[in-house]
Amino acid sequence: FFEMLGNFSFGDYFKTEAITWAWELVTEVLQLDRDRLWVTVHVSDDEAAAIWRDEVGVPAERIQRLDEDNFWRMADTGPCGPSSEIFWDLGPEFGAEGGPAVDENRYVEIWNLVFMQFDQRPEGRVPLPSPSIDTGAGLDRCLAALQGVPTVWDTDIFRPLVAAAERATGVEYGGFPGTDRDVSLRILAEHGRAMAFLVADGVVPSNEERGYVLRRIIRRAVRHAFLLGATDAITPALTDATVNVMGAAYPELERARESIERTVRREEERFRQTLERGLDMLDDLVRQGDISGKDAFFLHDTLGFPIDLTGEIAGERGRGVDLEGFQERMADQRARALEAHRASGVHAAPATDAYRELLDEIGPVEFTGRSELETKAKVRGLVRDGTRVSSVDAGDGATQVGIVLDRTPFYAESGGQVGDTGTITTDDGAVVAVVDTQYGLPDLVVHHGEVLEGTITEGAEATAQVDEVRRDRIRRNHTATHLLHWALREVLGTDVKQAGSLVAPDRLRFDFSYHEALTAEQLERVEDLANAEVLTSAPVRHYETTKEHAEELGAIAFFGDKYGDLVRVLEAGEHSLELCGGTHVHSLGFIGPIKILSEGSIGANLRRIEALTGDGTLAFFRDAEHALARSAELLKVGRAEVPERVERLMAEVKQLRGELDDERARQAVSESGDLAAAAVDGIVVARRDGLTNDTLRKLALATRDALGSGVVALAGLTPDGQKAAVAVAVTKDLVAGGVAAGAIAGDAARAVGGGTGKQPDVAVGGGPKADAIDEALALLTTGAAAAVAARTAAS
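Those letters in the sequence shown? Residues 633 to 1427, per the numbering used here, in order.
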């Protein structure tokens, strides 16, 4: 995390002004020595070079031309253009003479001017109609030049952070250019600063998006502290130093100091355990060679050891990682994640050229749905299969169409709220069932529908009508999410922040940051508070104002959300005040009863509540009442006696299962003599299905005792047939000779998607991959034979 200064010009001033103003600021305001400044331009940019030389007065020998380093692109297509950079010369003691083209260690870039003057198209590059400027200056690098220090780490805003890292690790910082230990201390300082700002902005460690960035930063810092020999938590000291240095400039840091400390400490303590386990195994693996995809996946999936950290550590030791093999094993997880994303109801309309053309042609679509559910409109565009068409007929075999109107009451999916459905009817008889509403591009609402009758044509006059019953259910759920958010903060504290939501007609889902599961009492309190607000039937105000006014009112805004100069504020009763652009009820009483269905974890420090409102809640209570009545009927007791009767039945079942497990164990152990008698060269490898992990362990130990000397390796499916279990037992004489049960069982356990302990005499484990049981048995056979052979050779 470094700070960047910047300014933009869109079609206003261009190269001459940008270059001369940059030089004025650097030399007259910052008063940097002109003789220590160098400039680069693109090889093709004669205009910029001439401005630097003739108008600014930079000597020609200190203007250098570079190629790709001085050309900026947004992507393969789109805006692009040459750039020009200003470099600061640290001095001859830091490298070779000759400017940034010769030595970028000595010559440090402090300023970058991007001249966006072209549009890169597939067929070639054309000039932009309004050339633009994008300026970027490194605050930290400018500060280093002003303070006369060689690196940003030596400035007065970074040196206290490096000092905090020194105190936390007991390692002294050496300075420029720096050893590996100095690099680790710099990483601790920079990562400590980054994690403090992220947590203050409401980010919590998780395995997704910005939460994963924070988690990786914390884990990388912990790993470098570990390399420096630190045994105690170091992240709280790093973030505390950041608040001390930067809290005056960024007051939100001071306000969140305690929350930052709790969050980073908790994540560090969790990861230290993972780090110790993973490093132990990784050390063994890198000594043997490159890391296989299977081993990298095991580290990631079973031990929680991040793949990027595996790659970083392996690279430091000259080893590679089979990332392709790792990704193959991650395919199932990615598929599940994609399916979960689809299930969340988030579907983006494709940003096709047709939609871009329509937006340029008609401008933003007017949304009328806050005041009416039926609107007279005009069909301005039809898009089918990504192509703009003039008409779509109900009988032509291709009835799916994206419809763009000039104005619409349909709400397009955004902010967690699903899109509206309904009908579009044209004056000339076409009827379209709208099944979803999305943004084709920002400000361009697209109605996705099916032509049921007639022919819909571009230019037709139409009536757009939203499904009112469905919209009412959606807005009940949406306003209820705001009440639940307020209630959660009342019960759990203001550390709770929204982390996502889904507002649908049948339910609501609210994700929030919190470090532990809620108790039943806390959930009841949240539900009671929200329903108490509903019972007030207080008015709901939803209005537009400036962002500054909304902040003065105390409206809650969310990290990661984008807000313009004008925002919509939702006042849901007396207590809830947030920014929100969705559709809402007019009074809290319209929501009806709120019922929380579930609360659970969706990742580290992330929780999810699902709930119902209105008629959904009533249907839930009715179904529950029917289920209770049916249960009472089957149990032949009154409704109030159902829990007590169920408890007695569960106790009876538990007793019977215990007796059954004991009998299975007795039967299994009784065959230990037969298994031992079938040993080959002191090795028993066998499959036994239908046994629990504990019973398989007992059978392995009994067979080992009957064997006298040797290895017993068993595998089989658990009683439910859904998982595989592995058990290995080794006699004491072989253990004394270096044979370890955990080493023999490890590969087999990983093959079935799990792991085992590292005990030398007995190891038990397993995993969910029941179909890999044969592979596990083969690995047990190979492992046991290799271990015994090695022991025999050594003796």
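Ideal placement from N, C-alpha and C gives every residue a C-beta, glycine not left out. Small disclaimer: the values here were computed from a predicted structure and weren't measured.
The distance from the Cβ of R1336 to that of G1369 is about 15 Å, inconsistent with a contact at the 8 Å cut-off. Cβ contact annotation for C712 (same chain, cutoff 8 Å, sequence separation greater than five): F703, W704, R705, M706, M748, F750, D751, Q752 and R757, in chain order. Put simply, the backbone Cα of R1240 is about 10 Å away from that of A1149.
Excluding residues up to 5 positions away in sequence, R685 lie with their Cβ nearer than 8 Å to the Cβ of A692 in the same chain. Taken in chain order, the whole alpha helix (DSSP H) runs of length 4 or more contained in the region 1229-1303 are 1246-1267 and 1274-1302. V671 and E729 have their alpha carbons spaced roughly 14 Å apart. Excluding residues up to 5 positions away in sequence, W670, V671 and G731 lie with their Cβ nearer than 7 Å to the Cβ of R694 in the same chain. Per DSSP, the unbroken beta strand (DSSP E) holding P759 starts and ends at G756 to G770. The straight-line gap separating the alpha-carbon atoms of V815 and C774 is approximately 21 Å.
A distance below 8 Å between beta-carbons, with the five flanking residues on each side excluded, links V1301 to the following residues of its chain, in chain order: K1330, L1331 and A1334. Runs of the beta strand (DSSP E) spanning 3 or more residues and lying entirely within the region 990-1021 occur at 1006-1016 and 1019-1021, in chain order. Under the DSSP assignment, P792 falls in the alpha helix (DSSP H) whose first and last residues are R791 to T801.
Going by beta carbons, A853 and G806 fall outside the 8 Å limit.
Shortest Cα-Cα distance from T1113 to any of Y1071, L664 and C1212 involves C1212. Nearest to A1261 by alpha-carbon distance, out of F1252, V1274, M1282 and V1098, is V1274. Taken atom to atom, the span from the alpha-carbon of G638 to that of G723 is near 27 Å.
Within 10 angstroms of the beta-carbon of E1203 lie 16 or more other beta-carbons, which makes it buried. Note on E1295: under 16 other CB atoms within 10 angstroms of its CB, so exposed under the neighbour-count rule.
The three-state reading of DSSP puts H1079 in strand, counting E and B together.
Collapsing the DSSP output to three states places T1053 in coil. The bridge partners DSSP lists for W670 are F719.
Annotated as proximal: P1137 and R1105, with beta-carbon spacing under 8 Å. Between N1325 and G1398, the gap from beta carbon to beta carbon is short of 8 Å. Counting the other CB atoms within 10 Å of its CB gives V836 a total of 16 or more, which places it among the buried residues. Straight through space, the alpha carbons of R1280 and A1189 are spaced by roughly 51 Å. Your pair I939 and A946 does not check out as a contact, with CB atoms roughly 10 Å apart and the cut at 8 Å. The beta carbon of R818 sits closer than 6 Å to the beta carbons of W785 from its chain, once the five residues preceding and following it are set aside; these are given in chain order. Distances from the CA of T1249 to each of H1258, E1265 and L1229 were compared; the closest alpha carbon is that of L1229.
When the five nearest sequence neighbours on each side are left out, the beta carbons in the same chain lying within less than 6 Å of the beta carbon of R813 are those of V803, in order along the chain. With respect to Q1097, G1051 sits apart: the two C-beta atoms are not nearer than 8 Å. Between L1116 and H1216, the alpha-carbon positions lie close to 14 Å from each other. Nearest Cα to R1103 within the set G770, G1091 and S1003: S1003. By the beta-carbon neighbour count (other beta carbons within 10 angstroms, threshold 16), P868 is buried. DSSP links A1094 through a beta bridge to A1009 and T1058.
At a cut-off of 4 residues, the continuous stretches assigned as alpha helix (DSSP H) that sit fully inside the region 1144-1170 are 1152-1168. Setting aside the 5 residues that flank it on each side, G879 is surrounded in the same chain by L885, E886 and R889, each with a C-beta closer than 8 Å to its C-beta; the list follows chain order.
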